[in-house]
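Enquirer: Dropping a structure here in structure tokens format, bear with me for questions.
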Amino acid sequence: MSDLIVIVYPTEEKAEEVRNRLLELQKEYLIKLGDAVIATKSESGKIKLNQLMNTTVAGAATGSFWGLLIGVLFLNPLLGVAVGAASGAIGGALTDVGIDDAFMKDLASNLQPGNGALFLLVQEMTSDKVLKDIAHFGGVVLKTSLDETKEQVLRDALQKASTA
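FYI, the numbering for the sequence shown is 46 to 209, going by the working numbering.
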């Protein structure tokens with residue numbers, strides 16, 4: 046089962062820095078992320094989601110490949126690529142993997158303009174090592190699905206960095 050963790054940072058850049066560090070820790074097999082999205086709120090109140098994977102582009106690329114293959118079989122590869130890319134892009138745009146976009150936008154509406162909220166869907170984690178590594182970034186826990194003990198450990202670690 047995956048756990049949801051949402052941490053608010055003073056800037057989008059700080060949230061991006063933490064996400065990049067977590068991706069490095071993933072390469073070290075200390076954490077396994079299902080999704081990592083940064084949400085920001087502009088001065089006008091518009092919510093922007095900075096996602097790791099663009100499903101529209103991925104769908105278009107996959108669709109192009111299959112369209113080309115089918116087009117070659119039926120002697121019209123260019124039409125196959127075009128139809129495949131279009132259908133793949135539509136399918137990718139309609140696919141929502143990871144954390145629900147509507148949920149993130151709803152939660153991010155409570156942000157102050159300029160802040161960055163890091164939404165993490167954690168599948169597995171070596172808690173003590175990961176927390177030790179990211180605690181110095183600070184941040185404020187907005188929401189988690191962790192049990193109360195683990196959530197308090199996370200809050201305390203981030204609080205120490207904020208006050209230091």
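For each residue, glycine too, the CB sits at the ideal point set by N, CA and C. Quick caveat: nothing in here was measured; it's all calculated off a predicted structure.
By the DSSP assignment, the beta strand (DSSP E) with residue 162 in it spans what residues?
Expert: As a working note, residue 162 is residue 117 in the sequence shown. Run containing residue 162: 161-170, per the beta strand (DSSP E) assignment.
Enquirer: Check whether the Cβ atoms of residue 67 and residue 84 lie closer than 8 angstroms to each other.
Expert: Position 22 of the sequence shown, counted from the first residue, corresponds to residue 67. Position 39 of the sequence shown, counted from the first residue, corresponds to residue 84. No, the Cβ-Cβ distance between residue 67 and residue 84 is not below 8 angstroms.
Enquirer: Residue 156 to residue 72, Cα distance in whole Å?
Expert: Here residue 156 refers to the residue found at position 111 when the sequence shown is read from its first residue. Here residue 72 refers to the residue found at position 27 when the sequence shown is read from its first residue. When rounded, the distance between both Cα atoms is 30 angstroms.
Enquirer: Based on Cα-Cα distance, which residue from 58, 50, 159 and 193 lies nearest to residue 92?
Expert: Here residue 92 is taken as the residue at index 47 of the sequence shown, counted from 1. Checked all of 58, 50, 159 and 193; the closest Cα to residue 92 is 159.
Enquirer: Once DSSP output is grouped into helix, strand and coil, what is the label at residue 27?
Expert: Examination of residue 27 is not possible in this model, given that the chain is present from 46 through 209 alone.
Enquirer: Can you tell me whether residue 179 is helix, strand or coil according to DSSP?
Expert: Numbered from 1 along the sequence shown, position 134 holds the residue referred to as residue 179. Three-state DSSP puts residue 179 in a helix.
Enquirer: Tell me residue 95's beta-bridge partners as DSSP assigns them.
Expert: Counting from one through the sequence shown, the residue named residue 95 turns up at place 50. Residue 95 is bridged to 83.
Enquirer: In the DSSP assignment, the beta strand (DSSP E) including residue 187 goes from what residue to what residue?
Expert: Here residue 187 refers to the residue found at position 142 when the sequence shown is read from its first residue. Residue 187 -> beta strand (DSSP E) spans 185-189.
Enquirer: According to DSSP, is residue 48 helix, strand or coil?
Expert: Mapped onto the sequence shown, residue 48 falls at position 3. In this structure, residue 48 counts as strand in the three-state DSSP scheme.
Enquirer: Can you give me the C-alpha to C-alpha distance between residue 152 and residue 161, rounded to a whole angstrom?
Expert: As a working note, residue 152 is residue 107 in the sequence shown. As a working note, residue 161 is residue 116 in the sequence shown. Straight-line Cα distance between these residues: approximately 12 angstroms.
Enquirer: Quick one: grab the DSSP three-state call for residue 67.
Expert: As a working note, residue 67 is residue 22 in the sequence shown. Of the three classes helix, strand and coil, the one that applies to residue 67 here is helix, per DSSP.
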